[in-house]
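Residue numbers (the numbering used here): 349 to 1103.
Here is the structure we will look at.
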Ligand code: PEP
Ligand code: MG
């Protein structure tokens, strides 16, 4: 059964269109279970009714015609209850309803299982048999497993069908796709798909601009692949056993055969560009092989895919090409990472859309720094079908609209204009320092360092750098940077902000920030060797970094050093020993260097409970809410599936922040918040109410954060915090704070998204 399952899922994923995908499911299931009928009913997003979409066994004319409410028939009952129903004699059941067009009276037994994707009912998968028999447990579990596995593919195929219709019907415009808010802002533009090299499934549909040129590209790629395989064959001749070496002959034969090359050529002549022509031909051949009964032959499907990838790697020398990127283009990808941004001209980038990731992924943080709207975790998005489609991106709510009609487009254009005006106004006010209405200064500093200074933080109104993530200089090299290299980097940033404070955080790699030249393989990297744990274990990496920071500060008096991921007092003690040692070494070497201010990040729950003891031993605290919230709520900050549970306004997170603020106050030390929560206007009110001393945010968020600070008095913020304490869930807390923003005249900042 497992083999059947795997093959059905694979075939469905490779289906050319939605209807083919549904047909594959009903045909394969009917064959595998040896039953009389297999049908799929899907819930129409418009009418909410269940419609028979595909069937093997029921009359073909009934497909597309039979439909019912959730309150009707057995299929409706499965959908309404959201659980399997297994009946020996269906016509005896009070909910049985007879649809004459299906010819269904011949079938007595009935088993229906719901198809559910992320709590949403998509439809019902039904099998029937003419005899009165109860389907056994194995059948039930098979169908439940299949339905669970297919739900994602069905949602995606359904969506592809909606967006890719050539002559859009009313139901095919303004197709809304839900994701997660990544970076605020709205944008309209054409999608450009960022594909991964040599990954057939990520190849976007594109038209051939010049058919002859595409044919030549294919021929050249096939010739290059042939040479590569022949060379490989020669190199391994004496190493591989003869039967393994036959594989290369099989590859060469496949390359020479009519099927792969000629069918790809035919597709190019029909108007496709070479990569997608190859993709479709390979998928077709893979299916043919997989269908073969002979186990050896069906395994050859993997060879065809491999060969396809090899040819593809010669077809695609570059990813998204800078010159071709349209003005205001929307970069769409399966799993976009910070490095994708280095490949596109940022000034032309309209928005970012990624099928994976969340608002706390580093690319989303970067998008916020660059002021580019981003929607993450759009798991239903058929990325390869998005090329060149017009897309409206709502980065506040984490929504996309594909194939917009003129009314929706006009509404979005109005929003984009309003946004620009608001930003312009705010930017002008951002130069002045921020203080609450009652005159309490709350400095707003900049987070920096994710990529080499992308935007000049200096002109943005930043009152210093509250968090400089030093891991970036480490990530963009192919070895650890040397002490002097680091001195140069740190000196530049200290000098440009002097006399404003600059907080350099020591290396925080591990988790989702990897160094290519120092691979660490762990099952749970976020609970593993990251931040201070790694640097304490490697003084030969840590000491040069500390020395470099101190040396860089020689002519400036504005350095602050921050230790990440502290979870206990011992770690702080050991880090301090190394810092003191680094300074003493430098003093011995004749450098006169003052001791900088030292702080710890509060981002591990253990540190919340030790906050007062930690605060007494350092000069300041900085709260990393990105990690603190992930650890407190046990929600991976990069996992789109649980992103709806990640909320800094969760009552537990608010209580933890209050504990931190109280602990710091008792120890008489200042506390700042440098996680993304500090950029969220609603959250800023609470942080003001708690008495947080300063905030450090993405450069693009500085104007709006300052606006919030100036619009509230300490009393008002404290009163709102007291009201929030009485609320038990994040949603009412957000509503209360949003209302407060509207009342204060900051309605323009109110959006539904989370940070
Ligand atoms: C945080 O965890 O909130 C933080 C600021 O650090 P990073 O996002 O780099 O983990
Ligand atoms: Mg962190």
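Heads up, the beta-carbon is just placed ideally off N, CA and C, and yes, glycines get one too.
Notebook entry, point to check: Beta carbon of residue 770: closer than 7 Å to some heavy atom of the ligand PEP?
Noted result: Within the chain shown, numbered from 1, the residue matching residue 770 stands at position 422. Residue 770: no, Cβ never under 7 Å from the ligand PEP.
Margin query: Closest to residue 384 by C-alpha separation, out of 841, 407, 420 and 390, would be which residue?
Written below: Position 36 of the chain shown holds residue 384. The shortest Cα separation from residue 384 among 841, 407, 420 and 390 belongs to 407.
Notebook entry, point to check: To which residues of the same chain is residue 1006 closer than 7 Å at the C-beta, ignoring the five residues directly before and after it?
Noted result: Position 658 of the chain shown, counted from the first residue, corresponds to residue 1006. Cβ within range, chain order: 1038.
Checklist line | Three-state class that DSSP yields for residue 1072 in the structure shown | finding: Counted from its first residue, the chain shown places residue 1072 at position 724. Three-state DSSP puts residue 1072 in a helix.
Margin query: Could you tell me the alpha carbon to alpha carbon distance between residue 523 and residue 460, rounded to whole angstroms?
Written below: On the chain shown, residue 523 is found 175 positions in, with the first residue counted as 1. On the chain shown, residue 460 is found 112 positions in, with the first residue counted as 1. Each residue's Cα considered, the two are about 29 Å apart.
Margin query: Taking the alpha-carbon of residue 493 as reference, which of 431, 477 and 458 has the nearest alpha-carbon?
Written below: One-based indexing of the chain shown puts residue 493 at position 145. The residue with the shortest Cα to Cα distance from residue 493 is 431.
Checklist line | Contact set for residue 800: own chain, Cβ-Cβ below 6 Å, skip 5 residues either direction | finding: Position 452 of the chain shown, counted from the start, is the residue given in the question as residue 800. Annotation note: pLDDT 44 at residue 800 (below 50); position unreliable, coordinate value reported separately. So the list is empty, once near-sequence residues are dropped.
Notebook entry, point to check: By Cβ distance, which residues of its chain are closer than 8 Å to residue 1071, with the 5 residues on each side in sequence left out?
Noted result: Taking the first residue of the chain shown as 1, we reach residue 1071 at position 723. Closer than 8 Å at Cβ, skipping near neighbours: 1084.
Note to self: Given this structure, state the Cα-to-Cα distance separating residue 1101 from residue 856, to the nearest angstrom.
What the structure shows: Here residue 1101 refers to the residue found at position 753 when the chain shown is read from its first residue. Here residue 856 refers to the residue found at position 508 when the chain shown is read from its first residue. Because residue 1101 sits at a pLDDT of 44, beneath the cut-off of 50, its placement in the model cannot be relied upon, and the point is left open.
Next item on the list: Kindly examine the ligand PEP and report whether one of its heavy atoms sits closer than 7 Å to the Cβ of residue 987.
Entry: In the chain shown, the residue the question calls residue 987 occupies position 639. Not under cutoff, so the answer is no.
Note to self: Taking the beta carbon of residue 638 as the centre, do at least 16 other beta carbons fall within 10 Å, making it buried, or is it exposed?
What the structure shows: As a position in the chain shown, residue 638 is number 290, starting the count at 1. The residue is buried, with at least 16 neighbouring Cβ atoms inside 10 Å.
Item checked: Collapsed DSSP secondary structure at residue 1094 in the structure displayed -> The residue labelled residue 1094 in the question sits at position 746 within the chain shown. Looking at residue 1094 - three-state DSSP - the assignment turns out to be coil, as it is neither helix nor strand.
Margin query: Given 7 Å as the limit, tell me if residue 860 has its C-beta closer than that to any heavy atom belonging to the ligand MG.
Written below: Taking the chain shown and counting its residues from 1, the one referred to as residue 860 is at position 512. No - the ligand MG has no heavy atom lying nearer than 7 Å to the Cβ of residue 860.
Notebook entry, point to check: Does the Cβ of residue 1023 lie closer than 7 Å to at least one heavy atom of the ligand PEP?
Noted result: The residue you call residue 1023 lines up with position 675 of the chain shown. Answer for residue 1023: yes, Cβ within range of the ligand PEP.
Check: Should residue 973 be counted as a contact of the ligand PEP given a C-beta to heavy atom distance under 7 Å?
Finding: Residue 973 sits at position 625 when you count from the first residue of the chain shown. Yes, the Cβ of residue 973 comes within 7 Å of a heavy atom of the ligand PEP.
Margin query: Less than 7 Å separating the Cβ of residue 817 from some heavy atom of the ligand PEP?
Written below: Reading the chain shown from its first residue, position 469 is the one you call residue 817. Correct: residue 817 has its Cβ closer than 7 Å to the ligand PEP.
Note to self: Checking 8 Å against the spacing of the C-beta atoms, do residue 895 and residue 831 come in under that value?
What the structure shows: Here the question's residue 895 lines up with position 547 in the chain shown. Here the question's residue 831 lines up with position 483 in the chain shown. Using a Cβ distance threshold of 8 Å, residue 895 and residue 831 count as a contacting pair.
Notebook entry, point to check: For residue 742, which residues does DSSP report across the bridge?
Noted result: Here residue 742 refers to the residue found at position 394 when the chain shown is read from its first residue. Residue 742 is bridged to 534 and 747.
Checklist line | Limits of the unbroken alpha helix (DSSP H) element including residue 844 | finding: Numbered from its first residue, the chain shown carries residue 844 at position 496. If you look at residue 844, you'll find it in the alpha helix (DSSP H) that goes 831-845.
Notebook entry, point to check: Which residues does DSSP pair with residue 399 in a beta bridge?
Noted result: In the chain shown, the residue the question calls residue 399 occupies position 51. Here residue 399 is bridged, per DSSP, to 390 and 415.
Next item on the list: Determine the extent of the alpha helix (DSSP H) in which residue 924 is found, giving its start and end residues.
Entry: Mapped onto the chain shown, residue 924 falls at position 576. Start and end: 917-936.
Checklist line | Residues of its chain near residue 363, where Cβ-Cβ distance is below 8 Å and the 5 sequence neighbours each way are ignored | finding: Counted from its first residue, the chain shown places residue 363 at position 15. In chain order, 369, 372 and 505 place their CB closer than 8 Å to the CB of residue 363, counting only its own chain and leaving out the 5 sequence neighbours on each side.
Check: In whole angstroms, what separates the C-alpha of residue 958 from that of residue 916?
Finding: Reading the chain shown from its first residue, position 610 is the one you call residue 958. Reading the chain shown from its first residue, position 568 is the one you call residue 916. Distance between the alpha carbons of residue 958 and residue 916 is about 7 Å.
Notebook entry, point to check: With a cut-off of 8 Å, do at least 3 Cβ pairs link the segment 560-567 to the segment 602-622?
Noted result: yes
Item checked: Distance cut-off 7 Å: residue 856 Cβ against heavy atoms of the ligand PEP -> To locate residue 856, count along the chain shown from 1; it is residue 508. Checking the Cβ of residue 856 against the ligand PEP gives yes.
Next item on the list: Check each candidate in 930, 978 and 945 and name the one with the smallest Cα separation from residue 963.
Entry: Position 615 of the chain shown, counted from the first residue, corresponds to residue 963. That would be 945, whose Cα lies nearest to the Cα of residue 963.
Margin query: Suppose the cutoff is 7 Å on Cβ atoms and the five residues either side in sequence are ignored; what does the same chain contact list for residue 516 look like?
Written below: Start at 1 with the first residue of the chain shown, and residue 516 comes out as number 168. Its pLDDT being 48, under 50, residue 516 is placed unreliably by the model, and nothing is read from it.
Next item on the list: Consult DSSP for residue 446 and reduce its assignment to one of helix, strand or coil.
Entry: Reading the chain shown from its first residue, position 98 is the one you call residue 446. Correct three-state label for residue 446: coil.
Check: What is the C-beta distance between residue 716 and residue 499, in whole angstroms, given that I count them as a contact (C-beta under 8 Å)?
Finding: Taking the chain shown and counting its residues from 1, the one referred to as residue 716 is at position 368. Taking the chain shown and counting its residues from 1, the one referred to as residue 499 is at position 151. No, residue 716 and residue 499 are not in contact; Cβ-Cβ is about 32 Å, not under 8 Å.
Item checked: Same chain only: Cβ atoms within 6 Å of residue 521, ignoring 5 sequence neighbours per side -> Position 173 of the chain shown, counting from 1, holds the residue named residue 521. Taken in chain order, the residues that qualify are 751 and 753.
Item checked: Contact set for residue 495: own chain, Cβ-Cβ below 8 Å, skip 5 residues either direction -> Position 147 of the chain shown, counted from the start, is the residue given in the question as residue 495. These residues qualify, in order along the chain: 461, 462, 463, 464 and 473.
Item checked: Whole alpha helix (DSSP H) elements within the segment 544-626, 4-residue minimum -> 559-584, 590-604 and 606-617
Notebook entry, point to check: Would you call residue 948 buried or exposed, if buried means 16 or more other Cβ atoms sit within 10 Å of its Cβ?
Noted result: Residue numbering aside, residue 948 sits at position 600 when the chain shown is read from its first letter. The residue in question, residue 948, is buried, as its Cβ has 16 or more Cβ neighbours within 10 Å.
Notebook entry, point to check: So, helix, strand or coil for residue 861, using DSSP?
Noted result: Indexing the chain shown from 1 puts residue 861 at position 513. Correct three-state label for residue 861: strand.
Next item on the list: Report yes if the C-beta of residue 953 is less than 7 Å from at least one heavy atom of the ligand MG; otherwise report no.
Entry: To locate residue 953, count along the chain shown from 1; it is residue 605. Flag unset: Cβ of residue 953 not near the ligand MG.
Check: Looking at residue 1064 and residue 738, is the spacing between their C-beta atoms short of 8 Å?
Finding: Position 390 of the chain shown, counted from the start, is the residue given in the question as residue 738. Position 716 of the chain shown, counted from the start, is the residue given in the question as residue 1064. In this structure, residue 1064 does not lie closer than 8 Å to residue 738 by Cβ.
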